[in-house]
Amino acid sequence: MEYKLRKAEPRDVPDILRLVKELAKYEEMEHQVTLTEKELLEDGFGDTPFYHCIITEIQGEKSSEDRKVVGFAMYYFTYDPWVGKQLYLEEFYVMDEYRGLGIGSGILRNLSNLAMKTRCTGMMFVVAENNEPSVQFYKRRGAEDLSQEEGWRLFRFDKDSLVKMAAPSEE
Amino acid sequence: MNFKIRRAAKEDCKDISRMIMDLAIYEKMPDQVKISHEELERDGFCQNPLFECLVAEVPEEHKSNEGNGIGTALLSKVAEIGKKKQCVRLQLSVLNWNTPSRDFYAAKGAQDLTVTEGWHAIRFDGQNLDNLANEAPKD
């Protein structure tokens, strides 16, 4: 099957949100997605992009059919104080019915290439430990599980805690 | 104790680099530190900085080993900046054996997502990243 990997454009925002929700559903956490198309548009295609996105589209069976977006990766650049610039892979998803065709591998290769070109020393992301297919997909390609090997735990402050911490303390 | 929290300046990079190493030693991974103040100066104080940094400074005569609320003040300042920029979350990672830090963050309301949701931090670097990239079809 022919597919094309390209940089996301503003018109792709509805598809990006659709795929974000599909991935969240697969991870059994769809109720946590509160992001809107408007926010995705402002945050990705405004003056200061907070994320970058590549998408995979396939041509419909008939030439008159629209192209369909079937996979995406959302990433941004971050910084590791020990080694410098890193590529952070935030979201990575291929629709169920289009898996097993090399699309996921293609996206990952493209991102790795981009990481090397932009002087990143590593590509980082998180995986849920019960997501066996994904864990195996990454391990086969040489990824290290830092939580297991070095004991790193992911911590999060939600909005309420963030607001409480931001308030000036009583002197 | 008098202390001041402010945005880091390029001149602070030598001190920041020193503290990054101190923290890496505490975390028992000092051999993983590959960059020095030069990279920090280049990457944090260029046209498009790759990171932002806050520093806490005390007057020379006030140095002591006591807990003085500096950690809390730094974290609160980060939270304030996040809030101003309309961030909805603050995420970080902590080593599982680092109980003082885990307790510090938990006391302020942080959740351990590795425990509650099973998230693991994963990385491709070095030869593995190179191998992945070399498989990419040429444009």
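Which chain is which? The protein sequence lines are A and B, in order.
Counting along the first sequence from 1, when you hit position 78 you're at 78 in UniProt numbering, and nothing is skipped either side.
Counting along the second sequence from 1, when you hit position 20 you're at 20 in UniProt numbering, and nothing is skipped either side.
Ideal Cβ placement from N, Cα and C applies to all residues, glycine included.
For chain A, check one thing: does any of its Cβ atoms lie closer than 8 Å to the Cβ of residue i?
i                 : result
Asp12 of chain B  : no
Asn96 of chain B  : yes
Glu60 of chain B  : no
Tyr26 of chain B  : no
Arg18 of chain B  : no
Asn68 of chain B  : no
Asn2 of chain B   : no
Leu74 of chain B  : no
Asp130 of chain B : yes
Gly71 of chain B  : no
Arg123 of chain B : yes
Would you kindly report the start and end of the unbroken alpha helix (DSSP H) that includes residue i?
i                 : result
Asp15 of chain A  : Val13 to Tyr26
Leu132 of chain B : Gly126 to Asn134
Glu57 of chain B  : No alpha helix (DSSP H) holds Glu57 of chain B; the beta strand (DSSP E) holding it covers Leu54 to Glu57.
Met19 of chain B  : Cys13 to Tyr26
Gly100 of chain A : Per DSSP, Gly100 of chain A belongs to no alpha helix (DSSP H) and is neither H nor E.
Lys38 of chain A  : Glu37 to Phe45
Lys85 of chain B  : Per DSSP, Lys85 of chain B belongs to no alpha helix (DSSP H) and is neither H nor E.
Give the C-beta separation of residue i and residue j to the nearest angstrom, bearing in mind that I take them to be a contact with Cβ-Cβ under 8 Å.
i                      : j                 : result
Pro10 of chain A       : Phe45 of chain A  : 5 Å
residue 211 of chain A : Phe72 of chain A  : In the structure displayed, chain A extends from 1 to 171; residue 211 of chain A sits before or after that span and is not available.
Lys164 of chain A      : Gly109 of chain B : 7 Å
Arg89 of chain B       : Leu162 of chain A : 7 Å
If I follow the unbroken beta strand (DSSP E) through residue i, where does it start and stop?
i                 : result
Gln86 of chain A  : Gly84 to Val94
His52 of chain A  : His52 to Ile58
Gln91 of chain B  : Leu90 to Leu95
Asp80 of chain A  : Lys68 to Asp80
Ile5 of chain B   : Lys4 to Arg7
Arg153 of chain A : Trp152 to Phe157
Ala110 of chain B : From DSSP, Ala110 of chain B is part of no beta strand (DSSP E); its letter is neither H nor E.
Val127 of chain A : Gly122 to Ala128
Leu146 of chain A : It is not in any beta strand (DSSP E) - Leu146 of chain A instead sits in the alpha helix (DSSP H) that spans Leu146 to Glu149.
Arg6 of chain A   : Tyr3 to Lys7
Nearest chain B C-beta to residue i closer than 8 Å, yes or no?
i                 : result
Pro10 of chain A  : no
Val83 of chain A  : yes
Glu170 of chain A : With a pLDDT of 45 at Glu170 of chain A, under the threshold of 50, the predicted position of this residue should be treated as unreliable, and no value is reported.
Arg109 of chain A : yes
Leu17 of chain A  : no
Ala73 of chain A  : no
Phe45 of chain A  : no
Tyr138 of chain A : yes
Arg156 of chain A : yes
Met165 of chain A : yes
Leu23 of chain A  : no
Leu41 of chain A  : no
Lys38 of chain A  : no
Lys159 of chain A : yes
Mind the definition here: the segment 14-25 of chain A touches the segment 111-126 of chain A only if three or more C-beta pairs lie below 8 Å; say whether that holds. With a cut-off of 8 Å, the segment 111-126 of chain A and the segment 14-25 of chain A do not count as touching, because too few Cβ pairs lie within range.
What are the residues of the segment 35-53 of chain B that lie near chain A, defined by any Cβ-Cβ distance shorter than 7 Å? Correct list: Ile35, Glu39, Asp43, Leu50 and Phe51.
Can you give me, in chain order, the residues of the segment 142-153 of chain A that have a beta carbon less than 8 Å from any beta carbon in chain B? Gly142, Ala143, Glu144, Asp145, Leu146, Ser147, Gln148, Glu150, Gly151, Trp152 and Arg153
Quick one: which residues of the segment 110-130 of chain A get their C-beta closer than 7 Å to a C-beta of chain B? List them in chain order. Cβ contacts with chain B: Asn110, Ser112, Asn113, Ala115, Met116, Thr121, Gly122, Met123, Met124, Phe125, Val126, Val127, Ala128, Glu129 and Asn130.
Between the segment 83-103 of chain B and the segment 150-169 of chain A, do at least 3 Cβ pairs fall closer than 8 Å? By the criterion of at least three beta-carbon pairs nearer than 8 Å, the segment 83-103 of chain B is in contact with the segment 150-169 of chain A.
Of the residues that make up the segment 76-97 of chain B, which ones have a beta carbon closer than 9 Å to any beta carbon in chain A? Ser76, Lys77, Val78, Ala79, Glu80, Ile81, Gly82, Lys83, Lys84, Cys87, Val88, Arg89, Leu90, Gln91, Leu92, Ser93, Val94, Leu95, Asn96 and Trp97
May I ask you to list, following chain order, the residues of the segment 75-106 of chain A that have a beta carbon less than 7 Å from some beta carbon of chain B? Contact annotation: in the segment 75-106 of chain A, residues whose CB is within less than 7 Å of a CB in chain B are Phe77, Tyr79, Pro81, Trp82, Val83, Gly84 and Lys85.
Check whether the segment 85-105 of chain A touches the segment 36-44 of chain A, counting contact only when three or more Cβ pairs, one atom from each stretch, lie closer than 8 Å. no
Touching or not, the segment 71-87 of chain A and the segment 16-34 of chain B, by the rule of three or more beta carbon pairs under 8 Å? yes
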